[in-house]
Ligand SMILES: Cc1cc2nc3c(=O)[nH]c(=O)nc-3n(C[C@H](O)[C@H](O)[C@H](O)COP(=O)(O)O)c2cc1C
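In the numbering used here, the protein residues as written are 7 to 159.
Have a look at this one:
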């Protein structure tokens with residue numbers, strides 16, 4: 007019998023709380039089936055992220071296509087990590103942004119590319135949310151947790 011771990015890290019890069027709130031929405035939906043921890047990207051070690059079986063990153067974009075303040079250091083650290091740092095991790099990215107900006111959802115795109123480039127398995131396509139994001143974000147969260155549950159089974 008396979009012994010799959012169910013450790014899920016739901017991480018947020020957030021400046022004004024939108025992505026953070028969505029991370030807690032993920033926890034509410036996933037906590038029956040997964041051992042969930044929610045953390046800001048500046049509140050967790052890279053080792054802890056790498057040890058997670060499932061990772062969902064909810065990340066907004068700031069400035070001109072930049073990472074939120076609480077995400078930049080971890081993004082730099084993860085970029086410098088080993089090529090297979092996220093092998094064994096099933097991940098999905100929820101990107102928040104605003105189509106009024108040229109670099110729409112750039113930070114989320116960067117995380118998506120980074121985790122895949124370091125060996126992670128993308129379990130659901132990245133969602134890129136505009137300002138009116140609540141309904142589609144909730145739908146994506148439910149779909150993503152269902153895909154992770156199916157993987158766990
Ligand atoms: C000063 C400022 C700069 C922003 N820059 C971008 C950007 O470059 N690209 C983008 O897609 N969204 C941009 N946004 C939109 C935010 O990503 C969006 O409002 C998001 O919902 C904020 O989520 P948060 O509260 O989790 O940080 C910007 C918003 C502000 C106020």
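Even glycine gets a Cβ: it sits at the ideal position worked out from N, Cα and C.
Keep in mind that this is a model prediction, so the values were computed, not measured.
- Could you check where the alpha helix (DSSP H) with residue 137 kicks off and where it finishes? Counting along the chain, residue 137 falls outside any alpha helix (DSSP H), and DSSP gives it neither H nor E.
- Query: Taking the alpha helix (DSSP H) that residue 41 falls in, what are its first and last residues?
  - Reply: Note, residue 41: premise wrong, no alpha helix (DSSP H); beta strand (DSSP E) at 41-46.
- Task: Could you tell me whether the Cβ atoms of residue 110 and residue 103 are closer together than 7 Å?
- Result: yes
- Query: On the three-state DSSP scale, how would you describe residue 35?
  - Reply: helix
- Message: For residue 151, count the other beta carbons within 10 Å of its own beta carbon; 16 or more makes it buried, fewer makes it exposed. Which is it?
- Response: buried
- Should residue 80 be labelled buried (16 or more other beta-carbon atoms within 10 Å of its own) or exposed? buried
- Where residue 123 falls: helix, strand or coil (DSSP): helix
- Task: Could you check the C-alpha separation between residue 50 and residue 94 for me, to the nearest Å?
- Result: 19 Å
- Task: Would you identify the three-state DSSP class for residue 19, choosing helix, strand or coil?
- Result: strand
- Item | Whole beta strand (DSSP E) elements within the stretch 52-109, 3-residue minimum | 60-66, 96-102
- Message: Could you compute how far the alpha carbon of residue 113 sits from the alpha carbon of residue 126?
- Response: 17 Å
- Task: Excluding the 5 residues preceding and the 5 following residue 31 in the sequence, name in chain order all residues of the same chain whose CB lies nearer than 7 Å to its CB.
- Result: 144, 147
- Closer than 6 Å: residue 114 CB and nearest ligand 1 heavy atom: no
- When we look at the beta-carbon of residue 56 and count the other beta-carbons within 10 Å, is it buried (16 or more) or exposed? buried
- Going by other Cβ atoms of all chains shown within 10 Å of its Cβ, with 16 needed for buried, is residue 116 buried or exposed? buried
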